[in-house]
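For reference, the structure discussed in these notes is given below.
Chains as they are written, first to last, in the numbering used here: chain A, 11 to 673; chain B, 3 to 166; chain C, 31 to 204.
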């Protein structure tokens, strides 16, 4: 039993099990027979087992350097370090689809366990059926078009190696998995939504998918931040987001999922926005499929793209199918959906609706900007580019509005406004004004000053809400403020956690404003021993040398940096700047050395060096303020999400009671 | 082959550098061995707005391809000659077309992509307004089932208990 | 709006289908077509100096129409193309001039290349690719068809085939 054989068999088995599961779901729904549902549940477990075995076989083939498997021959090499081999499954097209399908099978199995608890027999077949249908697609793509286990007739002695860009950093092991967990996770609320529309039960699905959506959103957010950090660390241009089409493809679902997360709360408490939530989750899930379509079809140029091929057409059909199912069902049932009342704008649901409006607009703008070159070429044949400068400019006003709403939302009560709220709002506006004026006073630009003001505004909002809660508790329960705070945090996890997340977002916005506006790049050629005074630092080139490693060759130019003024504070140290040469790549890969500090980050890149005598080296230095806080903000957001999701004894009890109990 | 870890250049023999040169020329896309000119921050700012022609979606500031390096050199030379940013951008547009700019020109068809936030807001706003109107109509339809006095009684009760 | 969902889905699908089907997604049309070819004069590679002089380039008016071929020694399609260009040049050298521009390269490697393929048509050396940028090149090989009046008639990105070469020759002799 070779890994290729085992992998191929289990992959086919996974496809067959998924098809059977789909059939069982359909039968259970049409014949109203619970036994078919039981069969579907078992098939979910079997599919997961088959998927795990298949994925394991791919790892096995890579780890044993089995080059008779085409994927291994094409993307791995015996010289690769162990950790690179472990992550090679998702380094290229076929393996990444296998990872996606395996995670989908895992999610389906988890949902199948919930049948009976939160999924009644009316809707379970439709929900499971939808998930099985998605699985069928991914396994079918592999079996018919992009097979990871194709056999190679004459196995070469060594494979072609992995893309060097993916070997440079350990984040390769983390970011793609997080991203797929987020993308695939959105299929669960979508499946519940489809089931709700099919069974015509329009309210309960929101309660049941609450945690699923948050988990998927959490993974997506973590994936986006880790992706940003990864590109920041290795790409050598000092940035973390290039508005590349594939990056956009990950932020569009995130924007829609965030909007959905908030309007779902409104539906949960007030029974409003029912129709909109169906549309939002359909679009969010469709956006994830759109993302994989872009990455794998070659329709739009991108640094992240996998090789294109016939796979693109399959993903296109799947994308259209998802949209057709979601929107078609919604069109059919929308006349039947009854909302629980009206929306009053000067209330929390009004703020949440306005927020959803802006998130939706932002998603629309990103989609349009990404597709614009394609659209223009289709309509007029001309070639245009839409890149970072456009997106950066357009996201500023939208971002400002979103930050404003993020502060107001929690402060406004449901249904109406009152005097205390007006007082709170005034305090927040004062903070906004003061913060912005401080920015002006420091000589900062309008955008950055506004960012400071908005951060102060959101900080005040959170502070006021927490203080109010603590005051009430202390007064009514007669406990000291500190204890009241802890009690508040423990009993209102969702509210408290959302405060943490919102603060993280405000901090991220501040970090982005500073780092985008004040980043400085400079380049100079130095002789060995020469000193370069720039940006408050003294940079001395010490020597030029070389180093050979298992899968690459590196030219190393150690430098010594000393800070001589406040601007260069935190830059002191000795750094090994290097230029990596990989056999597979035509030009060398400049890998930066990054020095983090509380204020400025310093980036040192070796661009070129004297190949004849080793006497000069060209260094690029990038100074970016406040970017370290972006990673701190990401951590805060993830911790806040974990806090919300952390099971508490009180909630386990409340789950058996009515769904509206708890925060 | 093993090498000493970080040899200082004074200890490197000519033979070693020959070996280095040969290895690099076997692997690397060859570039002439002259140091590039120094680039001020403004060069990178301008380069960031231009697309690298051979790369898959990188700007001329980020890419290390030969064309991008030369583009930065051109920008630096023209800045030294006193040209403005707009003139430098036009230089590249004259040779590559509008495609080389990352900010699509604000005229013709591409004007619409600049208007897209307003268009998006308008579309969503209209959709939302019609949806809310339908909801209101629904609410009024059900409200008319309830008598006036009932409504008045409920309203007075609600206004007495402040809601949080 | 929701009622018309099939239309939105079909429109989107149509756009993407067209995107998948178009023959050359990365192709860029040259803005020089129909305009005068940028003039330049660059040093010739050593083997061609006895025949053609020290420098060569594109001037205001040309004796013969020119096929300007931008190439590099590390470019694999250029290697496939070189024997074809050589054969074509030998057949039609009285009607057309093939001028090679070597970009992003080291002179030693360029010399090895022309020796390996026995190229008799002249090539100039443009190590950093400055003239390439003047012509708006975005990859190698690229060929510009320039008329006797010095106007760019066409730009061919990628490897040339025999059929295409002959078509360009006809176009330029018209």
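Note that beta-carbon positions come from the ideal geometry of N, C-alpha and C, so glycine has one too.
Kindly say whether residue 141 of chain B, judged by its beta-carbon, lies nearer than 7 Å to any beta-carbon of chain A.
Cβ-Cβ to chain A under 7 Å: yes for residue 141 of chain B.
By Cβ distance below 8 Å, which residues in the same chain neighbour residue 662 of chain A in space, the five residues on each side in sequence not counted?
Confidence at residue 662 of chain A is low in this model, with a pLDDT of 48, below 50, so the placement of that residue should be treated as unreliable; the coordinate-derived value is given next. Correct list: empty, nothing qualifies.
Counting along the chain, where does the beta strand (DSSP E) carrying residue 283 of chain A start and finish?
That residue, residue 283 of chain A, is in no beta strand (DSSP E); it is neither H nor E in DSSP.
Would you mind telling me which residues of chain D sit closer than 9 Å to residue 330 of chain A, beta carbon to beta carbon, in chain order?
No chain D appears in this structure, whose protein chains are A, B and C.
Identity of the residues DSSP links to residue 82 of chain C by a beta bridge:
Note: residue 82 of chain C sits in no beta bridge, so no partner.
Kindly indicate the opening and closing residues of the alpha helix (DSSP H) around residue 417 of chain A.
Unbroken alpha helix (DSSP H) run through residue 417 of chain A: 398 to 421.
Roughly how many angstroms separate the alpha carbons of residue 243 of chain A and residue 423 of chain A, rounded to a whole number?
Taking the CA atoms as reference points, residue 243 of chain A sits about 43 Å from residue 423 of chain A.
Flag this pair as yes or no: are the beta carbons of residue 366 of chain A and residue 273 of chain A separated by less than 7 Å?
Taking 7 Å as the Cβ cut-off, residue 366 of chain A and residue 273 of chain A qualify as a contacting pair.
Going along chain A in order, which residues have a C-beta closer than 8 Å to the C-beta of residue 56 of chain C?
In chain order: 311.
With DSSP run on the structure shown, which of helix, strand or coil describes residue 486 of chain A?
Helix, per DSSP.
Residue 666 of chain A CB to nearest chain C CB: under 7 Å?
Its pLDDT being 44, under 50, residue 666 of chain A is placed unreliably in this model, and the coordinates cannot settle the point.
In chain C, which residues lie less than 7 Å from residue 334 of chain A when you measure between Cβ atoms?
Chain-ordered, the chain C residues with CB closer than 7 Å to the CB of residue 334 of chain A read 39.
Taking residue 170 of chain A as the reference, give the member of A:95, A:112, A:189, A:330 with the closest Cα.
Checked all of A:95, A:112, A:189, A:330; the closest Cα to residue 170 of chain A is A:95.
Quick one, which residues of the region 57 to 72 of chain C are near chain A if we go by CB-CB under 8 Å, in chain order?
Residues are counted here when their Cβ sits less than 8 Å from a Cβ of chain A; for the region 57 to 72 of chain C these are 58, 59, given in chain order.
CA nearest to the CA of residue 45 of chain C, picked from A:382, A:134, A:75
Distance check between residue 45 of chain C and each of A:382, A:134, A:75 places A:382 closest, using alpha-carbon atoms only.
When the cut-off is 7 Å and only beta carbons count, does residue 49 of chain C lie next to chain A?
Residue 49 of chain C counts as touching chain A.
Have a look at A:177, A:254, A:635, A:565 and flag the residue whose alpha-carbon is nearest the alpha-carbon of residue 700 of chain A.
Given that chain A is displayed from residue 11 to residue 673, the structure contains no residue 700 of chain A and the question cannot be resolved.
Could you name the residues of chain A that residue 101 of chain C contacts, counting a contact when the two beta carbons are closer than 7 Å?
Neighbours of residue 101 of chain C in chain A, taken as residues at a C-beta separation under 7 Å, are lacking, since the least C-beta distance is about 15 Å.
Within chain C, partners of residue 45 of chain B - CB distance below 7 Å
Neighbours of residue 45 of chain B on chain C: none; closest Cβ ~15 Å, over 7 Å.
Bridge partner(s) assigned by DSSP for residue 610 of chain A
According to DSSP, which records beta bridges pairwise, residue 610 of chain A is partnered with A:635.
What span of residues does the alpha helix (DSSP H) with residue 222 of chain A cover, start to end?
In the DSSP assignment, residue 222 of chain A falls within the unbroken alpha helix (DSSP H) covering 220 to 244.
Considering Cα atoms alone, identify which of A:393, A:404, A:470, A:445 is closest to residue 433 of chain A.
The shortest Cα separation from residue 433 of chain A among A:393, A:404, A:470, A:445 belongs to A:470.
Which stretch, first to last residue, makes up the beta strand (DSSP E) that contains residue 208 of chain C?
The displayed coordinates of chain C run from 31 to 204. Any statement about residue 208 of chain C would go beyond what the structure contains.
Would you please state the rounded distance, in angstroms, between the beta carbons of residue 101 of chain A and residue 204 of chain A? I believe it to be under 8 Å.
A Cβ-Cβ distance of about 33 Å is found for the pair residue 101 of chain A and residue 204 of chain A, leaving them out of contact under the 8 Å criterion.
The alpha helix (DSSP H) that contains residue 434 of chain A, what's its start and end?
Per DSSP, residue 434 of chain A belongs to the alpha helix (DSSP H) from 429 to 451.
Pull up the DSSP beta-bridge partners for residue 542 of chain A, would you.
A:549, per the DSSP bridge assignment.
Any chain C beta carbon closer than 7 Å to residue 605 of chain A
No, residue 605 of chain A lies away from the interface with chain C (no Cβ there is under 7 Å from its Cβ).
Residue 589 of chain A: first and last residue of the uninterrupted alpha helix (DSSP H) it sits in:
Per DSSP, residue 589 of chain A is not a residue of any alpha helix (DSSP H); the beta strand (DSSP E) it occupies stretches across 583 to 591.
Beta-carbon neighbours of residue 322 of chain A, restricted to chain C and to distances below 8 Å:
Going along chain C in sequence order, the residues near residue 322 of chain A (Cβ under 8 Å) are 50.
Should residue 33 of chain C be flagged as near chain A, meaning a C-beta pair shorter than 7 Å?
Residue contact check for residue 33 of chain C against chain A: a CB pair falls below 7 Å.
Using a beta-carbon distance cut-off of less than 9 Å, what residues from the region 150 to 165 of chain C approach chain B?
The region 150 to 165 of chain C vs chain B, Cβ under 9 Å: 157, 158, 159, 160, 162, 163, 164, 165.
Span separating the alpha-carbon of residue 491 of chain A from that of residue 63 of chain A
When rounded, the distance between both Cα atoms is 55 Å.
Among the candidates A:346, A:552, A:309, A:269, whose CA atom is the shortest distance from the CA of residue 49 of chain C?
The candidate whose alpha carbon is nearest that of residue 49 of chain C is A:309.
Do you know whose CA, among A:504, A:40, A:603, lies nearest residue 275 of chain A's CA?
Nearest of A:504, A:40, A:603 to residue 275 of chain A, Cα basis: A:504.
Assign residue 606 of chain A to buried or exposed, taking buried as 16 or more other Cβ atoms, counted over all protein chains shown, within 10 Å of its Cβ.
Residue 606 of chain A is exposed by the Cβ-count criterion.
Of the listed residues C:171, C:102, C:155, nearest to residue 186 of chain C (C-alpha basis):
Relative to residue 186 of chain C, the option among C:171, C:102, C:155 whose CA is nearest is C:171.
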